[in-house]
Amino acid sequence: MAEQQSSAPVRASADATAPASGVIHIRTRHTANFTVLSNKLAQRAGSAVTVGVAAYILSLPDGASIRIDALCAHFKEGRARISAALNELEAEGWLERRVERGPGGRIVTRTFVYDAPGATEDDAPGATEAPAARNERQPERASVPDTVLDPRATAVLGSLRHRDRRLVLSERETATLAPAVAEWLDRGVGPYEIAEALTSGLPARIDRRPARLLAYRLAALRPPAPAAAPTSGPRPVPLQNCDGCDRAFRAPRPGRCRDCRARTDAAAPLVA
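Residue numbering for the sequence shown follows the UniProt record's numbering, beginning at 1 and increasing consecutively.
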């Protein structure tokens, strides 16, 4: 898209390759002021309002308001149809609304728009840009680290999708979460208990990428470390109260302290 190209329309030829009926495209090469849409969105079956709202939002620059009032000011449709369109787009993964805590503790809602459902969160800030421009602005993502993962932990993470089909994890996400799961296992928590803690009481709507939610639960609900086993070693000699002076001394059994035994031995008569 960076190349300067002619904007002259390409006329459809009247040769044998042209269709006899149906649409015939007269295409123009755009070099500015255009938006790239995937066919999955442009050819989406259902409401034309939903497709139109999505195309309009994707054409807006970052920071533009897409509140219902702003969209109603642009379209003729009412609030109900605009709201329904936004809900459909969110359910299908075209946009994501997050409630976050902004500067000064103020609660704000940020909306991330995706030009392809299933894109990673790393792509979210530039989701409205053309793919070529986004590749120029962002570095290439690193491959999955070549680390040895605990097979027990990966098995637990792989089982989560059977409990909730939304909990499908990528290879990278599994590699990121596995060490925390392994720590739970090392602390004596069984696989079933871990899966129960990670999947119980999930909200009706969760992020398109559930790894963040799972990571939060693994950290917030992390079980305490097991108590350290007492170190082995000789038992100390017990304290005794001297039968002569009532002074405390250490000895394996009750009796007299060393001083009292010495005095007793000194006072004893010598035997010829």
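Quick reminder that beta carbons are idealized off the backbone N, C-alpha and C, glycines included.
Opening and closing residue of the beta strand (DSSP E) in which residue i lies
i: Glu100; result: Leu95 to Arg101
i: Asn241; result: Leu239 to Asn241
i: Ala248; result: Ala248 to Arg250
i: Thr111; result: Ile107 to Val113
Own chain partners of residue i with C-beta closer than 8 Å, once the 5 adjacent residues on each side are dropped
i: Trp94; result: Leu41, Ala54, Val113, Tyr114 and Pro117
i: Val237; result: Arg250, Ala251 and Pro252
i: Leu239; result: Ala248, Phe249 and Arg250
i: Arg163; result: Ala195 and Thr199
Alpha-carbon to alpha-carbon, residue j and residue i
i: Ile26; j: Glu96; result: 35 Å
i: Leu37; j: Arg172; result: 28 Å
i: Arg258; j: Glu193; result: 60 Å
i: Gly126; j: Ser200; result: Per-residue confidence for Gly126 stands at a pLDDT of 42, beneath the threshold of 50, marking its modelled position as unreliable; the derived number appears in the next sentence. Each residue's alpha carbon lies about 34 Å from the other.
i: residue 323; j: Thr35; result: Coverage of the chain is limited to positions 1 through 272, which leaves residue 323 absent and any answer about it impossible.
i: Thr154; j: Ala225; result: 21 Å
i: Gly46; j: Asn87; result: 13 Å
i: Ala211; j: Thr174; result: 8 Å
i: Arg217; j: Ile206; result: 13 Å
i: Arg152; j: Glu77; result: 53 Å
i: Pro191; j: Trp184; result: 9 Å
i: residue 274; j: Gly158; result: Outside the modelled stretch of the chain, which goes from 1 to 272, sits residue 274, for which no answer is possible.
i: Ala182; j: Val156; result: 9 Å
i: Gly22; j: Gln43; result: 16 Å
i: Ala178; j: Val99; result: 27 Å
i: Asp246; j: Ala266; result: 20 Å
i: Glu92; j: Thr176; result: 26 Å
i: Val148; j: Arg209; result: 24 Å
i: Ile66; j: Gly104; result: 24 Å
i: Cys242; j: Ala219; result: 56 Å
i: Gly52; j: Ala215; result: 36 Å
Close-in-space but distant-in-sequence residues of the same chain around residue i (CB under 6 Å, 5 per side omitted)
i: Ala197; result: Leu221
i: Leu71; result: Ile82
i: Thr50; result: Ala85 and Glu88
i: Gly244; result: Arg256 and Cys260
Chain-order list of residues whose beta-carbon lies under 7 Å from that of residue i (same chain, five-residue window excluded)
i: residue 274; result: Shown here, the chain extends from 1 to 272; a query on residue 274 therefore has no answer.
i: Leu202; result: Asp164
i: Ala20; result: none
i: Arg161; result: Leu167 and Val168
i: Arg79; result: Ile68 and Cys72
i: Arg110; result: Arg98 and Glu100
Limits of the unbroken alpha helix (DSSP H) element including residue i
i: Ile194; result: Pro191 to Thr199
i: Thr176; result: Glu171 to Asp186
i: Ser47; result: Where Ser47 is concerned, there is no enclosing alpha helix (DSSP H), given that its DSSP letter is neither H nor E.
i: Arg209; result: Arg209 -> no alpha helix (DSSP H), and no H or E assigned at all.
i: Ala158; result: This sequence places Gly at residue 158; Ala is not what is there. From DSSP, the alpha helix (DSSP H) with Gly158 extends over Pro151 to Arg163.
Heavy atom of the ligand FAD within 7 Å of residue i beta-carbon
i: Ser200; result: As far as ligands go, the structure on display features none, and thus does not contain the ligand FAD.
Which complete beta strand (DSSP E) runs does the stretch 58-82 hold, if anything under 3 residues is left out? none
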